[in-house]
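Encoded as structure tokens, the structure appears first; notes follow it.
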Amino acid sequence: MDSDANGRTRPRAGCPLGAPGRGRRLWLTALLGVLVAFGPLSIDMYLPALPLLSKDLHAGTSVTQLSLTATLLGLALGQVVAGSQSDSRGRRGPLLVGLGGYAVSSLLCAASGSIGALVAFRFLQGLAGSAGIVISLAVARDLYAGPELTRFLSLLVLVNGVGPVLAPVAGGQLLRVTSWRGVFVVLAAVGLVMFLAVLAGLPETLPRRSRAGLTETLAVFGGLLSDGAFMGYALPQGLVIAAMFAYISGSPFVIQEIFGASPQTFSLVFAINGLGIIAASQVTGLLSGRVRETVLFAGGIGLACTAAIVLLATLRAGAGLVDVLPPLFLVVSSIGIVNTAGSSLALQRYGHAAGSASALLGLISLALGAAAAPLAGLAGKDAALPMGLVIAVADAGAAGCYAAWRWGGRCLRRDPRAPSEGKRTETGGCGG
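For what it's worth, this note's numbering labels the leading residue of the sequence shown as 8, then goes sequentially.
Structure representation (structure tokens):
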């Protein structure tokens, strides 16, 4: 959609879907929100089972956390393929292929007999599930721009946020009646249901265009990487998300093994932190249009950095779980601000290549997350400090990188071929 002279949104010419009505908008919000949640679902639902999985497959803490790293790498690399393919072939086809592959790879995870096999199948699961994440964001960019895009993304986070809230709780409850293998069977069922939902209820939002060759695809990614106005948001956002994955990877062992909490208590803590992400994203959506998105983005990074430093100091002092939880909650909640505002700012000017821009945004975030996740467990299951240190370094790095780009102007230079800051690209389809 474009903005008219009064700031209202209207459908773009050539958009196959047109302007979605209220009922259609609610359906798209629910459907795309669940698709974006494939990453959290794939990771969070099995988190309560990590200690049990480690014992069952006779694997150490760091080796077990490789199953998380493998998923993140799959999610990161898969987005590059799915994003570029969706820009040239349309959104529906690559999305359906990804959802079908997700269901099959989840069943293979459930049947794994060794930690090596599980790590390999988790990589495939992430590779397939990435299509849901990147293409759902591309569909959103096909339909909306400006503050309207930020508001719609905040609605997606509202639905997506249910994943981190319910997934660990559901995983913890599943462990009462089944083993960790049952968690992956449930994920396979989710993949199948979403395949049918997309097949029946998601129309194509991108007009047919000629297939992009390898040279054209590489040129698009090269332009994105050299555009400081894109990377200036993508890198800090990626570092904040890397801090989140250090929390995701380390918290099951820190909360359960060090502080002695049960899987159900851990699930509750994880769910409350997930609610913080939802609340922060909704506040961001409400403020969009009233407060500049760059201000919201900077505020989210500042909150993340401050809370991370307090968390590190608390862990270093050997404080109890009650003292650790408040700064941890703020660290996690800040992601709702940074991710919502950052994604909108990074995608604004790339309607013509929304799939590729969304893919690179996800690749940067997940690659940094994959690097941070195993570092949180380097000292084993009996030390909490590494998790806090990785979180603090990542969030401080995000603040430093954004400050260097925003005020220094030396860290990254904007690609002169990219659209201007105040001008949206209007070439092609709904988003382009």
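Positions of the beta carbon are idealized from the N, C-alpha and C atoms, including for glycine.
For clarity, every value in this text was computed on a predicted model and none was experimentally measured.
Tell whether a beta-carbon distance below 7 Å holds between residue i and residue j.
{"i": "L156", "j": "I285", "result": "no"}
{"i": "P381", "j": "L54", "result": "no"}
{"i": "G178", "j": "V197", "result": "no"}
{"i": "S137", "j": "L73", "result": "no"}
{"i": "G384", "j": "S69", "result": "yes"}
{"i": "L368", "j": "A249", "result": "no"}
{"i": "F45", "j": "I142", "result": "no"}
{"i": "G133", "j": "L246", "result": "no"}
{"i": "L106", "j": "M201", "result": "yes"}
{"i": "V192", "j": "A135", "result": "no"}
{"i": "S376", "j": "L114", "result": "Note on residue identity: the sequence assigns Gly, not Ser, to residue 376. No, these two residues do not count as a Cβ contact at 7 Å."}
{"i": "A353", "j": "F237", "result": "yes"}
{"i": "F336", "j": "G407", "result": "no"}
{"i": "V172", "j": "A278", "result": "yes"}
{"i": "S161", "j": "Q289", "result": "yes"}
{"i": "L373", "j": "S341", "result": "no"}
According to DSSP, is residue i helix, strand or coil?
{"i": "S295", "result": "strand"}
{"i": "T71", "result": "helix"}
{"i": "G120", "result": "coil"}
{"i": "A174", "result": "helix"}
{"i": "P210", "result": "coil"}
{"i": "A378", "result": "helix"}
{"i": "L385", "result": "coil"}
{"i": "Q78", "result": "Before going on, a small fix: residue 78 reads as Thr here, not Gln. In the structure shown, T78 sits in a helix (DSSP, three-state: H, G or I)."}
{"i": "S217", "result": "Caution applies to S217, whose pLDDT of 48 falls short of 50 and renders its modelled position unreliable; the model cannot decide the point."}
{"i": "D402", "result": "helix"}
{"i": "M52", "result": "coil"}
{"i": "S372", "result": "helix"}
{"i": "D234", "result": "coil"}
{"i": "R32", "result": "helix"}
{"i": "Q180", "result": "helix"}
{"i": "L64", "result": "coil"}
{"i": "A348", "result": "helix"}
Nearest-angstrom Cα distance between residue i and residue j?
{"i": "L318", "j": "G97", "result": "44 Å"}
{"i": "G327", "j": "F266", "result": "7 Å"}
{"i": "L293", "j": "P243", "result": "23 Å"}
{"i": "W187", "j": "T272", "result": "17 Å"}
{"i": "C312", "j": "A320", "result": "13 Å"}
{"i": "Q263", "j": "P58", "result": "9 Å"}
{"i": "G306", "j": "I398", "result": "17 Å"}
{"i": "S119", "j": "G296", "result": "49 Å"}
{"i": "A366", "j": "V276", "result": "31 Å"}
{"i": "P175", "j": "G257", "result": "14 Å"}
{"i": "A348", "j": "Q92", "result": "26 Å"}
{"i": "L35", "j": "A361", "result": "17 Å"}
{"i": "A125", "j": "P393", "result": "The sequence given here places Leu at residue 125; Ala does not occur at that position. Distance between the alpha carbons of L125 and P393: 25 Å."}
{"i": "L75", "j": "A56", "result": "12 Å"}
Confirm the yes/no value for this check: CB of residue i, any heavy atom of the ligand SAM, distance under 6 Å.
{"i": "S143", "result": "Annotation note on the ligand SAM: not contained in the displayed structure, which lists no ligands."}
Those runs of the beta strand (DSSP E) which lie wholly inside the stretch 249-328 and span at least 3 residues: none
Segments of 3+ residues assigned as beta strand (DSSP E) that fall wholly inside the stretch 90-149: none
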